[in-house]
Each structure stands twice: as C-alpha cells, then as structure tokens.
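J.: Dropping a structure here in structure tokens format, bear with me for questions.
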Amino acid sequence: MQLVVKESKQLVVTDKKQVLTVPPRKDTANLATCNHEEADTRMMVLAADALECGHRRILIRTVDTDVVILAVALANERSEVQDELWLTFGTGKNRRYIAAHQVAKALGPEKSRALPVFHAITGCDTVSAFAAHSKKAAWATWNAFPEVTTAFLSLASTQSELPDGVLSTLERFIVLLYDRTSTCCDVNVLRKKLFSRKSRSLEHLPPTRAAKEQHIKRAAYQAGHTVSGDRPQ
C-alpha cells in the first residue's frame, strides 16, 4: 500500500529518533536526529521546521496547556520575522483559537522566555504543583514579584549548578505564593508561622526548604528540555 499525499502537502511522521516524510525530503536536519520523547516538544520541532521552510502561518491543534506554553516561547523566538503561530485549543463548544505570536508580543521577550520555566515550577505534566495554589494565583504572584523573572531565565539557561541567588529568589517567590503579605524569605519559617498562627492544615503549608530545592531542580531539568523544544537533540 502506497500513501499518496496531495501536491503542495507534506506528511511528517516520527519514527523514534528519526522522521519519515511523504514525499521524501533530502534535508531533514531540522527534524532528526531527535531524542524528544514528549509529543509536546516534538510538535515544536515540527513547527520550527515548517517556519524554516518558509511557511509564515502555522496552526497547531491541541488540548494540552503545555503545548500552548511552548508555542508562546517559540513564537517569541520568531518575533523578528513576523511569523504567525496559531493554536486551536479545547474541544467541542469550548474550542477556541489562540494567537501565540500575539500573546508573546503582549508578554514581551523576557516574560515569554521565562514562561516555560514558570509553568514547570508551578506544575506541569512532569512536575508537581503547589497544593491549593492555582496557576492564576501563581501568575498574580509573579506580577507582584517581577524580580523572579531573572531567576526563571537563569533556570532556562539549563546550568548544571543553580546559583544561590536564584534559589533564594525562588524561595521568596514561593513564600509570597503562600502568604502575599509575608516579609520572610525562609519557607521553613513561614511553615511554622502558618501552622502555629493561622491554623493551616499540613497540605496547605509550603514545602520544606529541602523539598523546595528538589522541586526546583526537577523543574530546572524539565525546563532544560522545554526551552530547547524547537530543536532536535
């Protein structure tokens, strides 16, 4: 059986680290060899390749928030050439179109680059979230504490060792996430305060410092794959 694709169309199918294309392509350097295991980042590799091939308007269909975050980051990287990266998000009556390139423009370059790290730290497919604290609450905390943007960008650079300044800034972000009026910078101190004075249940307390550091390392690992999601590895 031979697969026939309409003229001017191209089908790209992943095959482990390689790709199969119909009709066959001589140059697949932008697509393979690729060891991305998650479909989310693999989609960005395909979208970036389509843009490199001269397509100025891309449409991705998804129901996954992770894909939206990655698309905004990719659109930010392509902002100088005025590419349009669209998503159809949701299903049925809840399906809507999202212009990732317009979102990236509204956020600005720094916040767009930091967005995948923010998403990883506050909970994604492979990193746990902070109990009882929504993305909306975390976003409001980011807006109230813009200094954390630099820390997010530092994690996006995928350094092997996290600088102490980055850890302390992220710890302050977590403190503010759990108590917006707090002046302390130590999650252990805040845990004690919330438990003793505000009668918080254990699941509503911030993580310990040790747990916080492991959480950040996990988020940094995930972010390292995410921010390079438009390139084969």
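Using our numbering, the first residue of the sequence shown is number 1000, and each one after it goes up by one. Beta carbons: idealized from backbone N, C-alpha and C, even for Gly.
1) Between which two residues does the beta strand (DSSP E) containing Phe1129 stretch?
2) Is Phe1151 helix, strand or coil when you go by DSSP?
3) Rounding to the nearest angstrom, what Cα-Cα distance links Ser1153 and Ser1127 in this structure?
4) From Lys1104 to Ser1195, what distance separates their C-alpha atoms?
5) Name the DSSP bridge partner or partners of Trp1085?
6) If you run the structure through DSSP and keep just helix, strand and coil, what is Asp1026?
7) For Thr1040, does the three-state DSSP call read helix, strand or coil?
8) Please confirm whether Thr1140 and Leu1175 have their CB atoms less than 8 Å apart.
9) Compute every distance between the C-beta of Arg1077 and the non-hydrogen atoms of the ligand SAM, then say whether any falls below 7 Å.
10) On the three-pair Cβ rule with 8 Å, is the region 1023 to 1030 touching the region 1043 to 1052?
T.: In this structure, then:
1) Per DSSP, Phe1129 belongs to no beta strand (DSSP E) and is neither H nor E.
2) helix
3) 20 Å
4) Looking at the two C-alpha atoms, the distance is approximately 45 Å.
5) Leu1058 and Ala1098
6) coil
7) helix
8) Taking the C-beta atoms as reference points, Leu1175 is found nearer than 8 Å to Thr1140.
9) Within the structure as shown, the ligand SAM is missing, as the structure has no ligands at all.
10) yes
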